[in-house]
Amino acid sequence: MNRRILIPVMAVMFLSLLTAMTCPYCGKEIIVELKKSAAVVPPPEPAPIPVTGWKSAFKLYPNIPVPKDWADASWTVVKDLNNAGKSLVVRGKHKVVYYRCFFTDFKPSGTGNSQAVLVRDSSNIVFYQCKFLDNGNWKSKTNRDIHGLAIVDGSSDIYIIDCVGNHNEGDSVQVNAYFTKNPSQIKRVFVVGNLFSQDRENAIDIKASTDVVVTGNTIGGYHISPDGYSGDGTAVVAGQEKAVRTWIFGNLIMDSSRGIRGSNSKSHTTYYIWDNKFRRIKHDSKDSKALTSQWSTGASIQFWYDAMIYAAGNTFEQCDKQVVMVKYGVKPTLVVDRAKILSDYKKVFGITYTKRNCNHRSK
55 MNRRILIPVM
65 AVMFLSLLTA
75 MTCPYCGKEI
85 IVELKKSAAV
95 VPPPEPAPIP
105 VTGWKSAFKL
115 YPNIPVPKDW
125 ADASWTVVKD
135 LNNAGKSLVV
145 RGKHKVVYYR
155 CFFTDFKPSG
165 TGNSQAVLVR
175 DSSNIVFYQC
185 KFLDNGNWKS
195 KTNRDIHGLA
205 IVDGSSDIYI
215 IDCVGNHNEG
225 DSVQVNAYFT
235 KNPSQIKRVF
245 VVGNLFSQDR
255 ENAIDIKAST
265 DVVVTGNTIG
275 GYHISPDGYS
285 GDGTAVVAGQ
295 EKAVRTWIFG
305 NLIMDSSRGI
315 RGSNSKSHTT
325 YYIWDNKFRR
335 IKHDSKDSKA
345 LTSQWSTGAS
355 IQFWYDAMIY
365 AAGNTFEQCD
375 KQVVMVKYGV
385 KPTLVVDRAK
395 ILSDYKKVFG
405 ITYTKRNCNH
415 RSK
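Residue 68 in the working numbering sits at position 14 of the sequence shown, with consecutive numbering throughout.
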């Protein structure tokens, strides 16, 4: 008998999709408990406190590198911050953990892009068990990117672990939100063990950057946006605009119009995609292209331009299309080579990959 895992979520509305999600590995149900925020006015940021017991959190994810000096006295923890209705800028800060913080209900005026949290010129920043919910209006018919978390130039070693993103007007997480064309400006971003659903655009959108790792996440509910073009129903945009080395493994991607998409603007890059589960990736009723089109929704993995994709061990359940390599001037190259993937991962991160039996957390 499957044991049910209860994950409390501070949210005014979470649709039924999330009430029946399952762990990508063990198959246990992930039950989302609805709770409203008790605080209307956010309390002031608490004073820094010593880090205790944090090192154990990374033991649940042995396939990602642990930050330097993890859990020593030089780290600062910001705990239980309720930043509802506000935007937080993290800049020039290093070795900070945001633990169980709420970044919700940020509703900026105007038409420009924005985000509930902006990370810039920072390194060794950890968001752990945080909530990025209801920022902007995800059902708006106008095109405006209001992200949950945006990471921009000058940032490295940024960790998003065991968080929840839902109903953001843009993406839950966007890497390189302001689009510097130099991928070396943003590197080593780890999106690990999160629960993402029903944002207007994508769960994760990766632009010019180097070595972004997406693993152990449960992602679902991404469809063509109300305006018909700003969101194309992709759960994970794997890398575009000169992204360099994107690593996507061990995720459950479900109930969306596209699973993983990459379009790298004619700039060659390498993607590593392995041990993911795709479930019910279906053609979108709002898609003007027929399912038979190579450009249409319904593809679990879809790439165009001149990317190099290494893949292995991905599984597909009730998906309209599995892997689609679109020839657009040039055709992407797909190679099934598990040994190459694991060798390159060890070379870059110094870690011998271990396939996990279970990636869930009880929150």
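Glycine residues also receive a C-beta, built at the ideal position from the N, C-alpha and C atoms.
Problem set entry | Own chain, CB closer than 7 angstroms to Asp374, minus 5 neighbours either side, in chain order | Residue numbering aside, residue 374 sits at position 320 when the sequence shown is read from its first letter. Around Asp374: Ile335, Lys336, His337, Leu345 and Gly352.
Exercise. In or out: Pro386 buried (at least 16 other Cβ within 10 Å) or exposed?
Worked result: Taking the sequence shown and counting its residues from 1, one reaches residue 386 at position 332. Flag for Pro386 reads buried.
Exercise. Rounded to a whole number of angstroms, what is the C-alpha to C-alpha distance between Gly139 and Gly367?
Worked result: Looking up residue 139 in the sequence shown gives position 85. Looking up residue 367 in the sequence shown gives position 313. Cα to Cα, the separation comes out at about 42 angstroms.
Problem set entry | Same chain, Cβ closer than 6 angstroms to Asn427, neighbours up to 5 away in sequence not counted | Since the displayed the chain opens at 55 and closes at 417, residue 427 lies outside it and no answer follows.
For this session: Pull up the distance between the alpha-carbon of Gln252 and that of Tyr182, whole angstroms please.
Result: Along the sequence shown, read from residue 1 onward, the residue named residue 252 stands at position 198. Along the sequence shown, read from residue 1 onward, the residue named residue 182 stands at position 128. Between Gln252 and Tyr182, the C-alpha separation is close to 21 angstroms.
Exercise. Considering only C-alpha positions, which residue in the set Lys193, Ile212 and Ile327 is nearest to Gln376?
Worked result: As a working mapping, residue 376 is identified with position 322 in the sequence shown. The residue with the shortest Cα to Cα distance from Gln376 is Ile327.
Exercise. What distance in whole Å lies between the Cβ atoms of Thr269 and Val246, which are believed to be in contact at a cut-off of 8 angstroms?
Worked result: In the sequence shown, counting from the first residue as 1, residue 246 sits at position 192. In the sequence shown, counting from the first residue as 1, residue 269 sits at position 215. Confirmed, Cβ separation roughly 6 angstroms.
Exercise. Taking buried to mean at least 16 other C-beta atoms within 10 Å of its own C-beta, is Ser128 buried or exposed?
Worked result: Counting from one through the sequence shown, the residue named residue 128 turns up at place 74. Label assigned to Ser128: exposed.
Problem set entry | Beta-carbon proximity list for Gln372, same chain, < 7 angstroms, skipping 5 on both sides | As a working mapping, residue 372 is identified with position 318 in the sequence shown. Same-chain partners within the cutoff: Arg333 and Arg334.
For this session: Give the secondary structure of Ser141 by DSSP, where H, G and I count as helix, E and B as strand, and everything else as coil.
Result: Start at 1 with the first residue of the sequence shown, and residue 141 comes out as number 87. Residue state, collapsed to three classes: coil.
For this session: Run through the region 325-396 for me and flag every whole beta strand (DSSP E) of 3 or more residues, listed as ranges in chain order.
Result: 331-335, 353-358, 362-366, 369-371, 375-380 and 387-390
Problem set entry | Cα-Cα separation between Asn230 and Lys241, rounded to whole angstroms | Mapped onto the sequence shown, residue 230 falls at position 176. Mapped onto the sequence shown, residue 241 falls at position 187. Asn230 and Lys241: Cα-Cα distance of roughly 10 angstroms.
For this session: Name the two residues that bound the continuous beta strand (DSSP E) containing His201.
Result: Residue 201 sits at position 147 when you count from the first residue of the sequence shown. Run containing His201: Ile200 to Ile205, per the beta strand (DSSP E) assignment.
Problem set entry | Residues of its chain near Pro96, where Cβ-Cβ distance is below 6 angstroms and the 5 sequence neighbours each way are ignored | The sequence position of residue 96 within the sequence shown is 42, counting from 1. Reliability fails at Pro96, whose pLDDT of 40 lies under 50, so the model's placement of it is uncertain and no value is given.
Problem set entry | Counted within 10 angstroms of its Cβ, other Cβ atoms place Asp123 as buried (16 or more) or exposed | The residue you call residue 123 lines up with position 69 of the sequence shown. Result: exposed.
Problem set entry | Neighbourhood of Thr408 by C-beta distance below 8 angstroms, restricted to the same chain and skipping five residues each side | Position 354 of the sequence shown holds residue 408. Once the five neighbours on either side are set aside, the close Cβ partners of Thr408 are Pro116 and Asn117.
Problem set entry | Start-to-end residues for the beta strand (DSSP E) that takes in Val120 | The sequence position of residue 120 within the sequence shown is 66, counting from 1. Counting along the chain, Val120 falls outside any beta strand (DSSP E), and DSSP gives it neither H nor E.
Problem set entry | Simplified DSSP assignment, three categories, for Lys89 | By one-based count along the sequence shown, residue 89 stands at place 35. For Lys89, the predicted structure reports a pLDDT of 39, less than 50, and the residue's modelled location is therefore unreliable. A value from the coordinates is still provided. In this structure, Lys89 counts as strand in the three-state DSSP scheme.
For this session: Output the residue ranges of the beta strand (DSSP E) runs that lie fully inside the region 236-283 and measure 3 residues or longer, sorted by chain position.
Result: 240-246, 249-251, 258-260, 264-269 and 272-274
For this session: Tell whether a beta-carbon distance below 8 angstroms holds between Asp134 and Cys155.
Result: Position 80 of the sequence shown, counted from the start, is the residue given in the question as residue 134. Position 101 of the sequence shown, counted from the start, is the residue given in the question as residue 155. A contact, by the Cβ cut-off of 8 angstroms.
Exercise. Between the beta-carbon of Gln294 and the beta-carbon of Lys261, is there less than 8 angstroms?
Worked result: The residue you call residue 294 lines up with position 240 of the sequence shown. The residue you call residue 261 lines up with position 207 of the sequence shown. Yes, they are a contact pair.
Exercise. So what does DSSP say about Phe156, is it helix, strand or coil?
Worked result: As a first step, residue 156 must be located in the sequence shown, where it is residue number 102. Phe156 falls in the strand class under three-state DSSP.
Exercise. Which first and last residues belong to the beta strand (DSSP E) in which Ala177 is found?
Worked result: Against the sequence shown, residue 177 aligns to sequence position 123. Reading the sequence as shown, one finds Ser at residue 177 and not Ala. Note, Ser177: beta strand (DSSP E), Ser177 to Tyr182.
Exercise. In this structure, does DSSP put Tyr399 in helix, strand or coil?
Worked result: Taking the first residue of the sequence shown as position 1, residue 399 is located at position 345. Looking at Tyr399 - three-state DSSP - the assignment turns out to be helix.
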